[in-house]
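What follows is a short report on a single structure.
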Amino acid sequence: MPSVTPTAADRLRPHLDQALGGEPPLRVRLWDGSELGSGDGPLVVVRRRRALRRLVWQPGELGLAEAYVAGEIDVEGDVGEALRTVWAAIRQQKLRPARLSAADRARALAAAVRIGAIGPRPAPPGAPARLSGRLHSKDRDRAAIHHHYDLSNDFYALLLDETMAYSCGWWTSDAPDYTSADAQRDKLDLICTRLGLGPEARLLDIGCGWGSLTLHAAERYGARVTAVTLAAEQAAYVRQEVKARGLSDLVDVECRDYRDIRGGGYDAVAAIEMGEHVGDAEYPAFAAALHDRLRPGGRVMVQQMSRGRNAPGGGAFIETYIAADMHMRPLGETVGLLEQAGLEVRSVTAMREHYVRTILAWHRTLEDRWAEFVALVGEETARVWRLYLIGSALSFGENRMGVDQILACRPPAPEDAA
25 MPSVTPTAAD RLRPHLDQAL GGEPPLRVRL WDGSELGSGD GPLVVVRRRR ALRRLVWQPG
85 ELGLAEAYVA GEIDVEGDVG EALRTVWAAI RQQKLRPARL SAADRARALA AAVRIGAIGP
145 RPAPPGAPAR LSGRLHSKDR DRAAIHHHYD LSNDFYALLL DETMAYSCGW WTSDAPDYTS
205 ADAQRDKLDL ICTRLGLGPE ARLLDIGCGW GSLTLHAAER YGARVTAVTL AAEQAAYVRQ
265 EVKARGLSDL VDVECRDYRD IRGGGYDAVA AIEMGEHVGD AEYPAFAAAL HDRLRPGGRV
325 MVQQMSRGRN APGGGAFIET YIAADMHMRP LGETVGLLEQ AGLEVRSVTA MREHYVRTIL
385 AWHRTLEDRW AEFVALVGEE TARVWRLYLI GSALSFGENR MGVDQILACR PPAPEDAA
């Protein structure tokens, strides 16, 4: 009777089940057509054995993400559903990664050799951030911001709506004709109203992005705005819009680090999803800078992402490919740091569910215009963003991450408060 050559699945199954502490919760089809796992959801297709080599060199989330970005792993069906299934299995402890003995590791290594998963470390796909220097030094922060926000203005114009707001919207309607741009304008009105902006009010917009708040505050409320960003592409875009809209007498755009902002006496300061990039050790000084730039009685709006106390932050993939050096903390800790800087917190508005809708709108645009994105930035970068947006929507949807508007003020001088 002729012997049967073991398939790739036959060789991998015992070692994979042992390493995961259970059967994979999804069906996995390997390059030779053999399958592992179970379930009737999305099918994970391992197209090339190089994907396993990545996991040997880089186990866990980052190795899997890089294999997906490189096209070595794909998903037939809903990528989000595949991620939800895996996270649910981990959360429900259906997967319990085991501690492997030396003998276990030796047997797994032998199996990897037999299927060709051992070899030189594959080069990372796409364009991971390559930063050097002291964490959150000015040069390193500039490089981190350049990596993410200077991808190109054309890319973000394709992804975002006409407001060019790259932050959580405020969804006030379920009407079919209510768009993400409407949600962003409602968010901008909410910020301007809470900051008490009006004609001649002085606003400092730290981390202004592509100028959505800056332009809205100047056009709709007559505010005088100093817009600050570290991203050269953003600064060029905002200056162009300021000129085109005839707002040069109301808006000044500066390409500089927040630590280099001079002067004060502003009626309002805004930091819209910028504080995540400041760093943990540097945040007290950042909060003090918010306080010091305000006049007594002035208001500050911090819209910032948070994480659960026992939940991870951005994760290895996002920190490598999207937002390097980003730091998030539980909401209460940020509130405490603002208060320690001398600011009086007046209100906190949770926006977590709104971010799910915002990110899903961006993701729909990415999928609807996939060919345009690939032509603009290449397939690997497009796949980075697909994975980033899908994973982010799930993180907010499952309450592992949040986002909040924190309104605070610099208390008036004692003689003015009487």
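The sequence shown begins at 25 in our numbering and counts up by one. Cβ atoms here follow ideal geometry from the backbone N, Cα and C, with glycine treated the same way. Computed from a predicted structure; not experimentally measured.
Sequence-distant residues of the same chain with beta carbon closer than 8 Å to residue i, five excluded per side
i	result
Val28	none
Ala313	Tyr282, Arg283 and Ile285
Glu403	Gly95
Ile139	Ala32, Arg35, Leu36, Arg73 and Leu76
Gly287	Arg317
Val103	Pro66, Arg410, Leu411 and Ile414
Ser176	Glu257, Leu400 and Val401
Glu396	Leu182
Short Cβ contact (9 Å threshold) for residue i with residue j
i	j	result
His301	Ala168	yes
Val326	Thr373	no
Tyr36	Leu50	Just to set this straight, residue 36 is Leu in the shown sequence, not Tyr. Contact flag unset, no.
Asp213	His240	yes
Asp174	Glu257	yes
Val369	Cys192	no
Trp250	Val275	Just to set this straight, residue 250 is Thr in the shown sequence, not Trp. Cβ atoms of Thr250 and Val275: closer than 9 Å.
Gly101	Leu67	yes
Arg434	Leu318	yes
Trp111	Glu306	no
Leu355	Ser330	yes
Ala437	Pro308	no
Val99	Val80	no
Gln328	Gly303	no
Leu367	Ala292	no
Arg248	Ala242	yes
Trp194	Met375	yes
Gly157	Glu90	no
Val398	Val93	no
Gly322	Tyr290	yes
Phe179	Leu418	no
Ile296	Ser371	no
Gly338	Met350	yes
Neighbourhood of residue i by C-beta, 6 Å cutoff - its chain only, sequence neighbours within 5 removed
i	result
Met25	Only weak support is given to the placement of Met25: the predicted model assigns it a pLDDT of 48, under 50, and the question is left unresolved by the model.
Val277	Ala251, Ala259, Val262 and Arg263
Gln82	none
His234	Here residue 234 is Trp; the residue named in the question, His, does not match the sequence. Answer for Trp234: Met188, Gln258 and Tyr261, listed in chain order.
Ile142	Ala136
Pro38	none
Phe341	Glu85, Leu86 and Ala89
Arg78	Gly87, Glu90, Ala91 and Pro146
Ala225	Ala247 and Asp291
Bounding residues of the alpha helix (DSSP H) (the contiguous stretch that carries residue i)
i	result
Glu96	First-last for Glu96: undefined, no H or E at that position.
Gly356	Leu355 to Gln364
Trp409	Glu403 to Gly421
Cys192	Taken as a continuous stretch (DSSP letters only), Cys192 belongs to no alpha helix (DSSP H), as it is neither H nor E.
Arg218	Ser204 to Arg218
Glu463	Only positions 25 to 442 of the chain appear in the structure, and residue 463 is not among them; the question remains open.
Bridge-paired residues (DSSP) for residue i
i	result
Gly426	Ser330
Arg248	Arg226
Met352	According to DSSP, which records beta bridges pairwise, Met352 is partnered with nothing at all.
Leu79	BP columns for Leu79 are empty, so no partner.
Ala432	Val324 and Val369
Leu182	In DSSP, Leu182 forms no bridge with anything.
Leu60	Val52
Residue i, enclosing beta strand (DSSP E) - first and last residue
i	result
Thr187	That residue, Thr187, is in no beta strand (DSSP E); it is neither H nor E in DSSP.
Glu368	Glu368 to Ala374
Arg51	Arg51 to Arg53
Leu228	Arg226 to Ile230
Val69	Leu67 to Val70
Own chain, CB closer than 7 Å to residue i, minus 5 neighbours either side, in chain order
i	result
Arg393	Leu182
Leu413	Ile383, Trp386, His387 and Leu390
Pro223	Gly246
Ser62	Glu47 and Arg51
His171	Ala153 and Ala348
Ser236	Thr187, Met188, Ala189, Gln208 and Leu212
Thr344	Leu86, Pro152 and Ala153
Thr238	Asp229, Cys232, Val249, Ala251, Val262 and Val275
Tyr481	Since the first residue of the chain shown is 25 and the last is 442, residue 481 is not available in this structure.
Thr405	Gly150 and Ala151
* To do: Note down, one range per segment and in chain order, each beta strand (DSSP E) of at least 3 residues found wholly within the segment 252-323.
  => Counting only runs of 3+ residues, the beta strand (DSSP E) found wholly inside the segment 252-323 occupies 275-279 and 290-296, in chain order.
* Asked: Of all the beta strand (DSSP E) runs that stay within the bounds of the segment 126-172, which reach a length of 3 or more residues?
  -> At a cut-off of 3 residues, not a single continuous stretch assigned as beta strand (DSSP E) sits fully inside the segment 126-172.
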